[in-house]
Structure formats: structure tokens, C-alpha cells
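Visitor:
Residue numbers (this note's numbering): 1 to 51.
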């Protein structure tokens, strides 16, 4: 999950956002992170993508 987020931060593209979002969702579904943290992280990535 962290590596996908770092890859997105280095090169914020739509494809990198989808990969990071998928890895965040997978971590939340397995219980590694709370669902609210997953939502917050995805929201922050989407805001970076929009700017």
C-alpha cells in the first residue's frame, strides 16, 4: 500500500491513482487499516490528482 502511494506521489496520474486506491481498499478489507483511514487517504490522493 505504501509503495503504491509513494509511486502516486512521485508521478500523480490517473493510472497510479487507480493502483493506489485499489491497494488501499485491499488493506482496508483485510483489516490492516480502518475503513475511515482508507477513505481519508483516497480522498487526499484524489485532491492531489485534481490539482
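We put the CB at the ideal spot given by N, CA and C, even for glycine.
This structure is a prediction, so every number in the text was calculated from the model and none was measured.
With a threshold of 16 other CB atoms inside 10 Å of the CB of residue 45, please say whether the residue is buried or exposed.
Guide: To locate residue 45, count along the chain shown from 1; it is residue 45. The residue is buried, with at least 16 neighbouring Cβ atoms inside 10 Å.
Visitor: Which same chain residues end up closer than 6 Å to residue 4 when comparing Cβ atoms and leaving out the 5 residues on each side of it in sequence?
Guide: Residue numbering aside, residue 4 sits at position 4 when the chain shown is read from its first letter. Cβ within range, chain order: 19, 20, 23.
Visitor: In terms of residue numbering, what span does the alpha helix (DSSP H) encompassing residue 48 cover?
Guide: As a working mapping, residue 48 is identified with position 48 in the chain shown. Taken as a continuous stretch (DSSP letters only), the alpha helix (DSSP H) holding residue 48 covers 35-50.
Visitor: Can you tell which of 17, 27, 37 has its C-alpha closest to the C-alpha of residue 50?
Guide: By 1-based counting over the chain shown, the position of residue 50 is 50. For residue 50, the nearest C-alpha among the options comes from 17.
Visitor: Quick one, are the C-beta atoms of residue 27 and residue 10 less than 8 Å apart?
Guide: As a working note, residue 27 is residue 27 in the chain shown. As a working note, residue 10 is residue 10 in the chain shown. No, these two residues do not count as a Cβ contact at 8 Å.
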